[in-house]
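So the structure is just underneath, and the comments pick up after that.
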């Protein structure tokens, strides 16, 4: 039985040559070495040309996008939501000078509940054809931050690189943004699984909240005493043109009703595990909810900055950048000018963006779990 032998290319050529008739071999020998080499090279070039794939042009209107490829599914991002840990202790030098609000403790798992948003890096076909939108959501936000950095460095005393973006990684890859539904939590190995089960149960069937959409409404600075940082944030509100349709006469409309309901569920679970709640609000309604239904944002006790009180519905936001610079009237003013000035202000382009909320992310350690909300029209908890 003949065996198959893997010959090298030179052995294969020699075997074929020996099998040819003597007359043909003499004819081949009359060709000069240079002619034979040229002929072989031409055949190889034709073969490569025939097998090469044609270049695929990028979609129209997306030449400046970070990538012309379709976006990755959200589940893929969940697998790579954390970077590799390069130190066994908290080291601000590895994180642009930032310090953990909850110091790392061996056996404890940093955790967070939030809504995730991926600003679009490509234009939709409809938008590209219509020509109404010429930049992607990602490009718009990146352009806004770039212009603000330049304007602030010119008009105020801040350094040109004072603004640190949340839009991109250290390697320049687009990153998702988020709306927090919990404070930074610290779970133990013994209760982290029970915590996730409790969150799933609390949000079962969306807790009466189906999939909904939000839109950014304004750009503001927010200073936190815990981190000693200033955050540049987008305030959000629900996209609901008929939000007042089901409201009874004289009944006050709850701001950001869907996010507030989800927050109540998340806070309830966090507190049952001895964790702090995000924002302060009461479970009651009406007058009993006035004081408890507010949260102090922008607090900086060390410098005696003015404290702003707002309703919980106004507190939800998307952080797009941060800085160690303390807030000043000049910085706040130049931020407003950059956001609102011009024939096509960033304000209008940002307000045209949409944030689809189809679920909640529970991040425990470096593991991210997606808890889906039901589609609109399906029954939620208690048949709501």
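Residue numbers (UniProt numbering): 1 to 384. We put the beta carbon where it would ideally sit given N, CA and C, even for glycine. Source: prediction; values computed, not measured.
One alpha carbon belongs to residue 139, the other to residue 190, and they sit about 43 angstroms apart.
With fewer than 16 other Cβ atoms inside 10 Å of its own Cβ, residue 171 counts as exposed. Closest option to residue 174, judged by alpha-carbon separation, among 182, 141, 149: 141. The criterion of a C-beta distance shorter than 8 angstroms is satisfied by residue 163 and residue 321. Contact annotation, residue 233 with residue 317: C-beta distance approximately 4 angstroms; criterion of less than 8 angstroms satisfied. The alpha-carbon separation between residue 331 and residue 156 amounts to approximately 7 angstroms. If you draw a straight line from the Cα of residue 185 to the Cα of residue 365, it comes to about 10 angstroms. Using a 10 angstroms sphere on the CB of residue 338, the tally of other CB atoms reaches 16 or more, which defines it as buried. By DSSP's assignment, residue 359 forms a beta bridge with 372.
Judged by beta-carbon spacing, residue 202 lies beyond the 8 angstroms limit of residue 274, meaning their Cβ atoms are not closer than that value. For the pair residue 209 and residue 373, the CB atoms are nearer than the 8 angstroms cut-off. For residue 177, the pairing in a beta bridge is given by DSSP as 117. In the displayed model, residue 255 falls within coil according to three-state DSSP, outside both helix and strand. Buried is the label assigned to residue 256, since at least 16 other Cβ atoms lie within 10 Å of its Cβ. Around the beta carbon of residue 356, fewer than 16 other beta carbons sit within 10 angstroms, so the residue counts as exposed. With 16 or more other Cβ atoms from the protein chains shown falling within 10 Å of its own Cβ, residue 312 counts as buried. Counting the other CB atoms within 10 Å of its CB gives residue 344 a total below 16, which places it among the exposed residues.
Residue 350 sits in a helix when the DSSP states are folded into three classes.
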